[in-house]
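In what follows, a single structure is set out as structure tokens and then discussed.
Number of protein chains: 2
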Amino acid sequence: MPEDVSLATVAARAGVSVSTVSRIVNGEMRRASPATVARVLDAIEAVGYRPNPVGRALKSGQSQLVAMIAANLDNPAMATIASSTEAALREAGYVMVLCDTHDRPELQDEYLYAMRAQMVRGYVLVAAVASPALSELSASGAPMVFVTRRNPSGNGPFVGIDDSAAGAAVADHFADLGRRAPAVVFPRLGSSASRDRVSGFLARLRERGWSDDAIIRADGEGRSHLQIGYDAGARIFGGRDRPDAILCVSDQIAYGVNRRALERGLKIPGDCELVSIDGTPLNQWVAPWLKSIEIPYAIYGAEIVAGLQLIWRGEAFGERLLPYKFG
Amino acid sequence: MPEDVSLATVAARAGVSVSTVSRIVNGEMRRASPATVARVLDAIEAVGYRPNPVGRALKSGQSQLVAMIAANLDNPAMATIASSTEAALREAGYVMVLCDTHDRPELQDEYLYAMRAQMVRGYVLVAAVASPALSELSASGAPMVFVTRRNPSGNGPFVGIDDSAAGAAVADHFADLGRRAPAVVFPRLGSSASRDRVSGFLARLRERGWSDDAIIRADGEGRSHLQIGYDAGARIFGGRDRPDAILCVSDQIAYGVNRRALERGLKIPGDCELVSIDGTPLNQWVAPWLKSIEIPYAIYGAEIVAGLQLIWRGEAFGERLLPYKFG
DNA sequence: GACAGTTTGGCAAACGTTTGCCAAGATCGT
DNA sequence: ACGATCTTGGCAAACGTTTGCCAAACTGTC
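Going line by line, the protein sequences match chains A and B.
Under this note's numbering, think of the first position of the first sequence as -15, with each following residue one higher.
Under this note's numbering, think of the first position of the second sequence as -15, with each following residue one higher.
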């Protein structure tokens, strides 16, 4: 209903100037007598005034918008991160702008420029990829938080898990279970997360007596983790050395590997134990055969926003490693 | 790099006035001599000018923002709609703001007001729920497109499938297969989509000779379709009349029903044929046992944006029913 | 009763645009 | 050579805010 109500509308109704209303709206109550304040507050109520974020942004040089630049929304894990971040931002009075880069650096750059033009308050980069605009922006000191993958150019605030430790935990699990032929499946173009998971896994296996070439490694090309798992599965199950335990660095890779296993008539987890890192809740429903390191994506949003707020206040925010569960 | 470049920067460098630059930026080439145009274009290039969307929005009363108000991002189908819409909007030069209402009317209202304050160009409502602000906004003639669920208050532009026909197609499938005891599982608080799917299914079964009480109906409470399916599954499989074919009005409901079936030791699709309406690509990987009406969510974005553009041009846009595939 | 200090509130500029209007200068027809 | 018309471009207002600064009008003090 309130169509065109601005400070001027309120000011006219309360019989004061625009500046007085503005100050009251912004909580500077000392700048007016109690009587005036009351009159203005009444007027605000009466006409249903709400501050115009655009005018505010123009004047102050920053909007209430926060950009989330994500690599791929079709990935349930990222969708959950997006959803929880959106909720946390709203809670804090901000509005989330969502950009899906499909993992392409040019698109990421286009978005970064567009978002700066929008005077966004901050950037949340989920699984960011290296790109010119990113290093530029990161160097300029813009408020940003990296999620899942660390800043590909330099470092910066990070929210995620201890990927290396997660990989090691899976190695321990395989070893404790008495498995003899462990394997790991990962994307060829690894992010920092993938790499850390794999190297943590390998390092722990070495510590527990495996020789390096006794560990089967299979990577897959492309951006689709489903396809990566499926392709790698072909090589793993087709080779001479059949693994009896496989670490998949993401849920989707595990889905792909499992499909291949099914096609080959293998029993999961009977013939081969499958463990993934992600552990989205959907697994319980559609992939009960899958054991996972569960990453608490649903609380990422709160951590991300807490981090942003620290940065806005000028305080330090290095990294926040969240606890995972091996369920 | 270009930090604070505005029309004024360009104007100063080209030795013309701000207005001239503005007009040229907006393509009004006839308002200046070719020489001037060239000079201005050079200056724009040199300083790396990009129009400030905030200033523009303030002046023109509308931003380049389009609000997507979705019920639940954790649902892969909606995530895909969000992703494809985002891509189509970017293509057309707009920026998507994402709001997740978790199906709650108050939150939806909060968002609608916030988005109007942002002077968004249009609204995309995915699975909208009835709420005061929605009827208000819808009555005010704001540009909006309803997706998946029709406008709960009145009608408006719609993008979706012919839900009733989809339900009927499943009924035909069951009949043709010779199934004798069909069932349907749906959420108690049905959206227009759910209702149409169910009624299309029932109507066709009646046409093909079933009496109304021979058809098993099971609904479930709550917002989680997974849980709805799981709960309904308990009743369906626990009852005396075991169905031999079940229509689940969404993928997630089917996941829930299937889990229950597994727990009861039933073979899907051997003992009972399961068909869902949604058919997200993930099914091929994690639910090969599920037959689906496949809704082309990946092309929703393009249709939605095309619809918005029609509306912006003042042309009519009633509804767009997209073809589904029964795969 | 004069002076300083404090309240209270308004004026006006600024943020980056867009656009109606006006004014020179150029072009043309007669 | 003179008015009519067109071209080219600038001035200034406006969109809704915020905020530095100034000016009344109080309050209190000696």
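Beta carbons: idealized from backbone N, C-alpha and C, even for Gly.
B:F185 sits in a helix when the DSSP states are folded into three classes. Per DSSP, A:I28 is one residue of the alpha helix (DSSP H) stretching across 18 to 31. Annotation: B:V270 is outside any beta strand (DSSP E); the continuous alpha helix (DSSP H) that includes it extends over 266 to 270. When rounded, the separation of the alpha-carbon atoms in B:S175 and B:T264 is 19 Å. Taking 9 Å as the Cβ-Cβ cut-off, the stretch 73 to 92 of chain A approaches chain B at R74, V79, M80, V81, L82, C83, D84, H86, L91, given in chain order. DSSP, reduced to helix, strand and coil, places B:K309 within a strand of the structure shown. For B:G204, the uninterrupted beta strand (DSSP E) run begins and ends at 200 to 204, by DSSP. Annotation note: the stretch 67 to 119 of chain A contains the following uninterrupted beta strand (DSSP E) runs of length 3 or greater, listed N- to C-terminal: 79 to 84, 106 to 110. Around A:V24, no beta-carbon contact reaches into chain B at under 7 Å, the shortest distance being about 19 Å. Beta bridge pairing from DSSP links B:K275 with B:V259. Annotation: Cβ neighbours of B:A101 in chain A (cutoff 7 Å, chain order): R34, N36, P37. Between B:I212 and B:G193 a beta carbon distance of about 29 Å is seen, past the 8 Å cut, so the two are scored as non-contacting. Between B:I283 and B:D262, the C-beta spacing is not below 7 Å. For the options A:A55, A:M99, A:V50, the alpha carbon positioned closest to that of A:E70 is the one of A:V50. In the DSSP assignment, A:P171 falls within the beta strand (DSSP E) that extends over 166 to 171. DSSP, reduced to helix, strand and coil, places B:F158 within a helical segment of the structure shown. Per the coordinates, the alpha-carbon of A:P307 lies some 15 Å from the alpha-carbon of A:V154. In this structure the stretch 283 to 302 of chain B lies against the stretch 66 to 86 of chain B, because at least three pairs of beta carbons, one per stretch, are closer than 8 Å. For B:R248, the three-state secondary structure derived from DSSP is coil.
In terms of beta-carbon proximity, B:R304 stays away from the interface with chain A, with every pair separated by 7 Å or more.
When C-beta atoms of the stretch 169 to 187 of chain A are compared with those of the stretch 143 to 154 of chain A, three or more pairs fall below 8 Å, so the two segments count as touching. Taken through DSSP and simplified to helix, strand or coil, A:L210 comes out as helix. In the three-state scheme derived from DSSP, where H, G and I count as helix and E and B as strand, B:I283 is classed as helix. Secondary structure at A:V233: coil, using DSSP grouped into helix, strand and coil. Of all alpha-carbon atoms in A:R40, A:C83, A:A27, A:G140, the one lying nearest the alpha-carbon of A:G302 is that of A:G140. In this structure the stretch 246 to 262 of chain A lies against the stretch 222 to 231 of chain A, because at least three pairs of beta carbons, one per stretch, are closer than 8 Å. For A:Y308, no chain B residue has a C-beta closer than 8 Å to its own C-beta; the minimum C-beta separation is roughly 19 Å. In the structure shown, B:E303 falls within a strand segment according to DSSP collapsed to helix, strand and coil. For A:K43, the closest C-alpha among the options B:R134, B:N36, B:L292 is that of B:N36.
Under the Cβ criterion of 7 Å, B:V9 is not counted among the residues facing chain A. Within 10 angstroms of the beta-carbon of A:S17 lie fewer than 16 other beta-carbons, which makes it exposed. Under DSSP, B:A153 shares a beta bridge with no residue. By the C-beta density criterion, A:M128 is buried, having at least 16 other C-beta atoms within 10 angstroms. With three or more CB-CB distances shorter than 8 Å, the stretch 102 to 118 of chain B counts as touching the stretch 80 to 89 of chain B. For A:L49, the enclosing beta strand (DSSP E) stretches over residues 49 to 54. Residue state for A:G144 is assigned as strand, using DSSP reduced to three classes.
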